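Everything on this sheet refers to the single structure shown next.
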Amino acid sequence: MEKYLVSFGTGLKAALEYRANFLLSLLAATSPIVIQTVLWLALFSPGEVLFGYTFGQMVAYTVLSQLVSRLVRTGFEYQINEDIRTGGLDRYLVKPLGYAGYRLAVFLGEKSLQSLFMAVILVVATVLLSMFVGLRIGPLEVSVFLASLVVALVFNFLLFWCVGMAGFWMTETTFLFEAVRIVIITLSGGIFPLTVFGPSAKAVLSALPFRFTIQVPVDLLTGRMATDAVVGELLLALVWAAALALLGRTLWGLGLRRFSAVGS
Amino acid sequence: MNSLVHHLKIWARLIKMNLMGQLEYRANFVTGLLVEGGYLIVKLLYILVAFQAGKTIAGYGPDEILVFVGTFVLCTGFYAGLYMMNLFQLSTLVRDGSFDLILTKPVSSLFLATFRRSDMALFLLDVIAGLVLVGIGLVRLKTHVDLGLVVGYAFFTASGAAVGYALWLLPMTIVFRMVNADAVAGLADSFWDFNNVPMVVYDHVGKFVGVFVIPIFVITNFPSLFVLGRLPVEYAVWAFAAPPVFLGLAVLAWNRGLKHYSSST
Chain F
1 MEKYLVSFGT GLKAALEYRA NFLLSLLAAT SPIVIQTVLW LALFSPGEVL FGYTFGQMVA
61 YTVLSQLVSR LVRTGFEYQI NEDIRTGGLD RYLVKPLGYA GYRLAVFLGE KSLQSLFMAV
121 ILVVATVLLS MFVGLRIGPL EVSVFLASLV VALVFNFLLF WCVGMAGFWM TETTFLFEAV
181 RIVIITLSGG IFPLTVFGPS AKAVLSALPF RFTIQVPVDL LTGRMATDAV VGELLLALVW
241 AAALALLGRT LWGLGLRRFS AVGS
Chain U
265 MNSLVHHLKI WARLIKMNLM GQLEYRANFV TGLLVEGGYL IVKLLYILVA FQAGKTIAGY
325 GPDEILVFVG TFVLCTGFYA GLYMMNLFQL STLVRDGSFD LILTKPVSSL FLATFRRSDM
385 ALFLLDVIAG LVLVGIGLVR LKTHVDLGLV VGYAFFTASG AAVGYALWLL PMTIVFRMVN
445 ADAVAGLADS FWDFNNVPMV VYDHVGKFVG VFVIPIFVIT NFPSLFVLGR LPVEYAVWAF
505 AAPPVFLGLA VLAWNRGLKH YSSST
């Protein structure tokens with residue numbers, strides 16, 4: 001356990017070192033928030049419900065989904081690819097720690113500091129949203145949101161762990177990772193709520209697990225999803241996570257058979 | 265003039281070399297198209313919202329919005345195909361000292377650093393998709409397309425591309441003072457998305473800032489306003505003036521930034 005705590009510390013230090021980078025990336029989140037808020041201002045008439053959202057709910061969704069999407073965002077898949085491509089992975093294979101566990105610990109270490117920054121911003125955002133669009137958030141919503149956020153982080157880690165395994169079969173994966181990231185963010189409700197896609201598409205997208213990373217945490221925080229549905233939703237997310245873990249393990253096993261530590 | 269021709273010839277060579285390199289790694293070529301396809305889907309979502317809502321925004325209906333977003337997609341071809349990779353690599357070039365090599369070449373460092381990489385696949389994908397969207401929008405609006413309209417649209421698009429290049433370059437000149445400017449590139453990139461929705465949705469202050477102060481709206485809104493016959497005269501005049509003004513500022517900022525460059529090798 002201690003070795004993973006040290007790995008967690010490594011991630012924490014990396015996040016400290018690149019804190020300005022993370023804060024600037026949060027600043028980049030303001031563009032879509034401004035763009036979409038202006039769009040909603042132009043589209044909504046007073047008291048109107050569009051795509052199942054009132055104006056206040058839609059603005060709240062826009063702000064919170066951008067923040068959550070930044071928080072759950074991964075990046076370790078590029079490091080996995082680098083380790084495979086350069087042969088540096090063999091350094092980890094000979095050590096008495098699991099590579100997936102190491103990457104998860106580093107990832108959570110990085111996210112722990114970012115979560116602190118994010119907590120402050122989320123508090124400010126929710127206060128502003130309650131003042132200007134009447135968003136009401138109680139301790140129950142905050143609690144289930146935090147629980148769903150942990151699930152979202154683990155789920156996203158497993159998802160991109162599986163994506164990162166492509167490095168065993170492809171030499172250059174930067175574009176692939178980016179393409180997958182865009183599609184997953186869209187399917188997670190990270191651009192617009194899934195109701196925008198229309199009832200049929202929404203039904204399909206709701207059956208897929210991607211919404212657990214953005215739409216579900218945001219809907220729980222804003223109270224759009226009943227809190228008594230939380231247990232069922234989180235259990236479903238965990239089932240999907242278990243399936244992803246199994247897939248990731250299989251891909252890791254298959255990939256390792258191809259790995260020849262070229263360059264190390 | 266000779267210098268311009270010289271640089272254009274080099275640029276043509278660079279484009280050819282990049283294309284050859286891309287075709288050598290075909291999987292990358294295809295996944296590159298997938299990425300741009302993904303971004304294209306995100307832009308199309310804005311059209312979906314306009315059509316699903318079925319509303320008129322400041323007198324512009326869904327078909328007009330289609331023309332705006334189509335033009336945005338087309339202009340993104342210039343950005344993604346010609347500038348973007350250079351934008352994201354500039355920070356690395358300075359950080360690892362590769363920029364030294366650029367300084368030793370007998371051509372403008374600005375030209376070489378910002379035009380050395382290109383991706384014709386992304387360029388063509390966006391330009392073709394953009395033209396198709398604009399075409400559908402204009403047909404649905406029953407707009408009469410003649411040579412004047414095409415030439416005017418091409419001029420305002422070219423003017424927007426030049427302003428877009430300058431607006432992208434200005435923040436990136438900070439790269440010579442910051443060790444890690446990756447997030448600055450990300451920030452500059454995010455501003456591009458302000459064109460996801462037509463400028464008509466912004467209020468007077470927003471429009472003024474977006475047209476004259478940080479002229480992000482010049483890039484993709486002016487060509488659309490022109491073909492829709494709604495471009496105000498002052499905007500048309502500004503489309504002539506903005507490129508030299510902002511390109512001049514960008515070159516000035518680049519030259520000043522260069523003085524702060526210290527090689528890491």
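Line by line, the protein sequences are chains F and U.
Note that my numbering has the first sequence beginning at 1, numbered continuously upward.
Note that my numbering has the second sequence beginning at 265, numbered continuously upward.
Beta carbons: idealized from backbone N, C-alpha and C, even for Gly.
Keep in mind that this is a model prediction, so the values were computed, not measured.
Verify whether the separation of the beta carbon atoms of residue i and residue j is less than 8 angstroms.
i: phenylalanine 332 (chain U); j: proline 462 (chain U); result: yes
i: alanine 425 (chain U); j: phenylalanine 352 (chain U); result: no
i: isoleucine 137 (chain F); j: serine 130 (chain F); result: yes
i: valine 464 (chain U); j: alanine 322 (chain U); result: yes
i: leucine 12 (chain F); j: leucine 135 (chain F); result: no
i: isoleucine 133 (chain F); j: alanine 226 (chain F); result: One point to set straight first is that residue 133 (chain F) is valine, not isoleucine, in the sequence displayed. Taking 8 angstroms as the Cβ cut-off, valine 133 (chain F) and alanine 226 (chain F) do not qualify as a contacting pair.
i: asparagine 459 (chain U); j: isoleucine 438 (chain U); result: no
i: valine 163 (chain F); j: leucine 234 (chain F); result: no
i: glycine 341 (chain U); j: glycine 394 (chain U); result: yes
i: glycine 255 (chain F); j: phenylalanine 168 (chain F); result: yes
i: proline 507 (chain U); j: valine 427 (chain U); result: yes
i: phenylalanine 76 (chain F); j: phenylalanine 107 (chain F); result: yes
i: glutamine 66 (chain F); j: isoleucine 33 (chain F); result: yes
i: tyrosine 499 (chain U); j: leucine 489 (chain U); result: yes
Roughly how many angstroms separate the alpha carbons of residue i and residue j, rounded to a whole number?
i: phenylalanine 530 (chain U); j: alanine 28 (chain F); result: The requested residue 530 (chain U) is not part of the displayed model; chain U covers only 265 to 529.
i: threonine 250 (chain F); j: threonine 10 (chain F); result: 27 angstroms
i: glycine 109 (chain F); j: alanine 243 (chain F); result: 24 angstroms
i: valine 144 (chain F); j: phenylalanine 510 (chain U); result: 49 angstroms
i: aspartate 467 (chain U); j: phenylalanine 481 (chain U); result: 13 angstroms
i: valine 473 (chain U); j: phenylalanine 160 (chain F); result: 40 angstroms
i: threonine 195 (chain F); j: leucine 128 (chain F); result: 25 angstroms
i: phenylalanine 284 (chain F); j: arginine 73 (chain F); result: The displayed coordinates of chain F run from 1 to 264. Any statement about residue 284 (chain F) would go beyond what the structure contains.
i: leucine 23 (chain F); j: phenylalanine 117 (chain F); result: 8 angstroms
i: tryptophan 502 (chain U); j: valine 469 (chain U); result: 17 angstroms
i: threonine 173 (chain F); j: arginine 85 (chain F); result: 10 angstroms
i: glutamate 2 (chain F); j: leucine 367 (chain U); result: 49 angstroms
i: arginine 290 (chain U); j: serine 382 (chain U); result: 16 angstroms
i: glycine 325 (chain U); j: lysine 319 (chain U); result: 6 angstroms
i: valine 306 (chain U); j: lysine 95 (chain F); result: 43 angstroms
i: alanine 179 (chain F); j: phenylalanine 336 (chain U); result: 20 angstroms
i: isoleucine 191 (chain F); j: glutamine 316 (chain U); result: 16 angstroms
Which word fits residue i, buried or exposed, when buried means at least 16 other C-beta atoms lie within 10 angstroms of its C-beta?
i: alanine 260 (chain F); result: Reading off the sequence shown, one finds serine at residue 260 (chain F), where the question assumed alanine. Serine 260 (chain F) comes out exposed.
i: proline 199 (chain F); result: exposed
i: aspartate 390 (chain U); result: buried
i: phenylalanine 504 (chain U); result: exposed
i: tryptophan 421 (chain U); result: A small fix is needed here, since residue 421 (chain U) is threonine in this sequence, not tryptophan. With 16 or more other Cβ atoms within 10 Å, it is buried.
i: arginine 181 (chain F); result: buried
i: aspartate 360 (chain U); result: exposed
i: glutamate 141 (chain F); result: buried
i: lysine 111 (chain F); result: buried
i: leucine 516 (chain U); result: exposed
i: asparagine 156 (chain F); result: buried
i: methionine 165 (chain F); result: buried
What would DSSP say about residue i, mapped onto helix, strand or coil?
i: leucine 50 (chain F); result: strand
i: tyrosine 78 (chain F); result: helix
i: tyrosine 289 (chain U); result: coil
i: isoleucine 35 (chain F); result: helix
i: tyrosine 324 (chain U); result: strand
i: phenylalanine 212 (chain F); result: helix
i: aspartate 457 (chain U); result: helix
i: arginine 73 (chain F); result: coil
i: tryptophan 169 (chain F); result: coil
i: arginine 136 (chain F); result: coil
i: methionine 225 (chain F); result: coil
i: proline 217 (chain F); result: helix
i: alanine 203 (chain F); result: helix
i: serine 423 (chain U); result: helix
i: proline 193 (chain F); result: coil
i: phenylalanine 175 (chain F); result: helix
Run the proximity test for residue i: is its beta-carbon closer than 7 angstroms to any non-hydrogen atom belonging to the ligand NAP?
i: alanine 517 (chain U); result: Of the ligands one can find in the structure shown there are none, so the ligand NAP has no counterpart to examine.
To be precise: take each residue of the segment 289 to 320 of chain U, compare its Cβ to all Cβ atoms of chain F, and keep it if any distance is under 7 angstroms. Which residues remain?
Listed by position, the residues of the segment 289 to 320 of chain U near chain F (Cβ gap below 7 angstroms) are Tyr289, Ala291, Asn292, Thr295, Gly296, Leu298, Val299, Gly302, Tyr303, Ile305, Val306, Leu309, Leu312, Val313, Gln316, Ala317 and Lys319.
Using a Cβ cut-off of 7 angstroms, which residues of the segment 155 to 179 of chain F contact any Cβ in chain U, in chain order?
Here the close residues are Met170, Glu172, Phe175, Leu176, Glu178 and Ala179.
Going along the chain, which residues of the segment 188 to 216 of chain F sit with their C-beta nearer than 9 angstroms to a C-beta in chain U?
Answer in chain order: Ile191, Phe192, Val196, Phe197 and Gly198.
Under 9 angstroms (Cβ pairs) to chain U, residues found in the segment 9 to 32 of chain F
Taking 9 angstroms as the Cβ-Cβ cut-off against chain U, the residues of the segment 9 to 32 of chain F that qualify are Tyr18, Ala20, Asn21, Phe22, Leu23, Leu24, Ser25, Leu27, Ala28, Ala29, Thr30, Ser31 and Pro32.
Going along the segment 364 to 375 of chain U in order, which residues come within less than 9 angstroms of chain F, judged by CB to CB distance?
From the segment 364 to 375 of chain U, no residue has a Cβ closer than 9 angstroms to chain F.
Residues in the segment 38 to 61 of chain F having any Cβ partner in chain U nearer than 8 angstroms
Going along the segment 38 to 61 of chain F in chain order, one finds Val38, Leu39, Leu41, Ala42, Leu43, Leu50 and Phe51 with a Cβ nearer than 8 angstroms to chain U.
When you check each C-beta in the segment 84 to 101 of chain F against every C-beta of chain U, which residues fall closer than 8 angstroms?
From the segment 84 to 101 of chain F, no residue has a Cβ closer than 8 angstroms to chain U.
Relative to chain U, which residues along the segment 71 to 82 of chain F have a C-beta separation below 9 angstroms, given in chain order?
Under the 9 angstroms Cβ criterion, the segment 71 to 82 of chain F contributes no residue.
Using a Cβ-Cβ cut-off of less than 8 angstroms, give me the residues of the segment 430 to 462 of chain U that come near chain F, in sequence order.
Listed by position, the residues of the segment 430 to 462 of chain U near chain F (Cβ gap below 8 angstroms) are Asn444, Asp446, Ala447, Val448, Gly450, Leu451, Asp453, Ser454, Phe455, Asp457, Phe458, Asn460 and Val461.
Mind listing which residues of the segment 340 to 353 of chain U have their C-beta closer than 7 angstroms to chain F's C-betas, in chain order?
Of all residues in the segment 340 to 353 of chain U, none has a Cβ within less than 7 angstroms of some Cβ in chain F.
To be precise: take each residue of the segment 384 to 406 of chain U, compare its Cβ to all Cβ atoms of chain F, and keep it if any distance is under 9 angstroms. Which residues remain?
Listed by position along the chain: nothing, the set is empty.
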